[in-house]
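K.L.:
Got a structure for you, questions after.
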Amino acid sequence: MRMRRRDFITLLGGAAAILPAAVGGAESFPTRPIRLIVPYPAGGGTDIVGRVLGQKLHASLGQPVVIDNRGGAGGTLGTAVAAKSAPDGYTLLLVPTSHVINPSIYAKLPYDTEKDFAPITMVASAAILMAVNARVPGATIQGFIEAAKAKPQAIANYGSAGAGTVFHLTGELFKQLAGLPLQHVPYRGGAQTVTALLAGEIPLAFETMLALQPHVRAGALRALAVTSPRRSAIMPEIPTAAEAGFAPLVADNSYALFAPAGTPAPILTRLHDATTAALALPDVRDRLREQGAEVVGNSPAKLAAYVAAEIPKWATLARQAAVKPD
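Going by numbering that gives the first Met the number 0, the residue at position 68 of the sequence shown is 67; the numbering climbs one at a time, nothing skipped.
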């Protein structure tokens with residue numbers, strides 16, 4: 000069918016009008032508040048990181064960044080909300096390491112962890128501390144293992160902030176490497192875990208540096224190692240698990256920023272540049288370090304590669320440990 004000249008000119012004019020509007024929209028972004036979904040309750044590590052970041056993005060982007068806490072089901076409820084949101088840059092998602100663990104422990108997620116989200120940047124990474132009650136024998140990882148083998152009834156379990164969390168799976172990885180038949184005791188959050196460890200209900204726990212550090216400093220707990228690749232700037236005297244002879248015991252709680260898949264590339268670039276600029280500010284680095292986290296600020300490609308590598312890594316461990324959600 001031949002197109003009439005008048006129709007062709009009309010179509011061409013319409014396309015010419017749309018192109019500048021699309022480009023202009025990216026250049027003027029944002030023109031209204033941005034919602035940052037944190038799929039966990041207020042007050043937790045992800046929420047704190049989100050609020051620190053949100054304040055600086057507000058200053059650089061000129062629009063408020065509103066934290067939307069959507070807790071429940073290990074972070075999957077809020078993550079599903081983000082996946083279904085309009086891909087226009089006005090809804091963002093901040094998630095910890097559980098984002099790449101959940102595909103392995105939930106039979107069916109209402110979203111695809113890799114396909115439904117556009118990576119922006121890894122915001123920060125927080126070290127996981129392996130600590131024991133001060134009354135438990137062993138000043139090192141190897142010393143703890145020897146004590147556990149000598150007294151299996153007294154040192155029979157370990158605790159974490161819940162089934163399927165990065166802390167739980169880090170404990171399972173340690174069990175495998177150490178050859179110890181430790182039973183996992185899941186608690187509802189880090190606060191309960193620390194309380195149980197202080198009370199001697201459990202001899203060992205894997206938790207954030209922020210939660211455990213004050214009690215280690217006070218002498219009520221003893222730190223055996225951090226499971227991050229490098230020593231923590233907060234407690235540099237604590238060796239890494241690799242330095243203690245457990246090189247495969249590497250895990251941390253990383254906080255990553257995403258947008259819904261399909262968000263225009265110019266808007267993603269604007270968000271990435273604003274976020275990494277915020278993370279380069281000394282006060283942001285200091286505030287996150289107070290929470291036991293170190294700034295990362297990598298590229299979208301590196302974040303995508305991280306997600307692709309971490310999902311099968313945790314899937315293997317979750318399958319071996321038969322991990323099920325709470």
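In this text, a Cβ means the ideal position worked out from N, Cα and C, and glycines have one as well.
For residue 268 and residue 249, which I take to be in contact (beta-carbon distance under 8 Å), what is that distance rounded to the nearest angstrom?
P.N.:
Sequence index remark: in the sequence shown, residue 268 carries index 269 (1-based). Sequence index remark: in the sequence shown, residue 249 carries index 250 (1-based). No, residue 268 and residue 249 are not in contact; Cβ-Cβ is about 31 Å, not under 8 Å.
K.L.:
Between residue 104 and residue 76, what straight-line distance do the alpha-carbon atoms span, to the nearest angstrom?
P.N.:
Taking the first residue of the sequence shown as position 1, residue 104 is located at position 105. Taking the first residue of the sequence shown as position 1, residue 76 is located at position 77. Taking the straight line from one Cα to the other gives about 14 Å.
K.L.:
Applying the 10 Å Cβ sphere with the 16-neighbour rule, what's the burial state of residue 85?
P.N.:
Counting from one through the sequence shown, the residue named residue 85 turns up at place 86. Exposed is the call here.
K.L.:
Beta-carbon within less than 7 Å of residue 79's beta-carbon, same chain only, minus the 5 sequence neighbours each way: which residues are those?
P.N.:
For the purposes of this step, residue 79 is taken as residue 80 along the sequence shown, with counting starting at 1. Within the same chain, residue 79 has close Cβ partners 109 and 110.
K.L.:
So, with DSSP's three-state summary, where would you put residue 91?
P.N.:
In the sequence shown, residue 91 corresponds to position 92, counting from 1. Residue state, collapsed to three classes: strand.
K.L.:
Starting from the C-beta of residue 162, find all residues in its chain whose C-beta is less than 7 Å away, skip the five residues before and the five after it, and write them out in chain order.
P.N.:
As a working mapping, residue 162 is identified with position 163 in the sequence shown. Same-chain partners within the cutoff: 185, 322, 323, 324 and 325.
K.L.:
Which class does residue 35 belong to by DSSP, given the choice of helix, strand or coil?
P.N.:
Position 36 of the sequence shown, counted from the start, is the residue given in the question as residue 35. It is a strand residue.
K.L.:
Tell me whether residue 281 is buried or exposed, calling it buried when 16 or more other Cβ atoms sit within 10 Å of its Cβ.
P.N.:
The residue you call residue 281 lines up with position 282 of the sequence shown. Residue 281 should be labelled exposed.
K.L.:
Please state if the CB of residue 283 and the CB of residue 294 are separated by a distance shorter than 8 Å.
P.N.:
The count along the sequence shown starts at 1 and reaches residue 294 at position 295. The count along the sequence shown starts at 1 and reaches residue 283 at position 284. For residue 294 and residue 283, yes; Cβs fall inside 8 Å.
K.L.:
Spatial neighbours of residue 133 within its chain, please: CB distance less than 8 Å, with the 5 preceding and 5 following residues excluded, ordered by chain position.
P.N.:
Taking the sequence shown and counting its residues from 1, the one referred to as residue 133 is at position 134. Around residue 133: 218, 219, 220 and 221.
K.L.:
What are the partner residues of residue 183, as DSSP defines its beta bridges?
P.N.:
As a first step, residue 183 is located in the sequence shown; it is residue number 184 there, counting from the start. Beta-bridge pairing links residue 183 to 157.
K.L.:
Might you give, ordered along the chain, the residues of its own chain that have their beta carbon closer than 6 Å to the beta carbon of residue 23, omitting 5 neighbours on each side?
P.N.:
Looking up residue 23 in the sequence shown gives position 24. Bear in mind that the predicted position of residue 23 carries a pLDDT of just 44, short of 50, making it unreliable; the figure below should be weighed with that in mind. Around residue 23: no qualifying Cβ.
K.L.:
On a Cα-Cα basis, can you pick out the residue from 291, 320, 154 and 297 that is closest to residue 270?
P.N.:
Numbered from 1 along the sequence shown, position 271 holds the residue referred to as residue 270. Checking every option, the nearest Cα to that of residue 270 belongs to 297.
K.L.:
At what residues does the alpha helix (DSSP H) containing residue 200 begin and finish?
P.N.:
Residue 200 sits at position 201 when you count from the first residue of the sequence shown. Note, residue 200: premise wrong, no alpha helix (DSSP H); not H, not E.
K.L.:
Which of the three DSSP states is assigned to residue 233 in this structure?
P.N.:
Within the sequence shown, the letter at position 234 stands for residue 233. Of the three classes helix, strand and coil, the one that applies to residue 233 here is coil, per DSSP.
K.L.:
Which whole-angstrom value is the C-beta distance of residue 125 and residue 208, which I expect to be below 8 Å?
P.N.:
Here residue 125 refers to the residue found at position 126 of the sequence shown. Here residue 208 refers to the residue found at position 209 of the sequence shown. That pair is a contact at about 7 Å.
K.L.:
Let me confirm a value: residue 231 is counted as buried when at least 16 other C-beta atoms fall within 10 Å, else exposed. Which label applies?
P.N.:
Residue numbering aside, residue 231 sits at position 232 when the sequence shown is read from its first letter. Buried is the call here.
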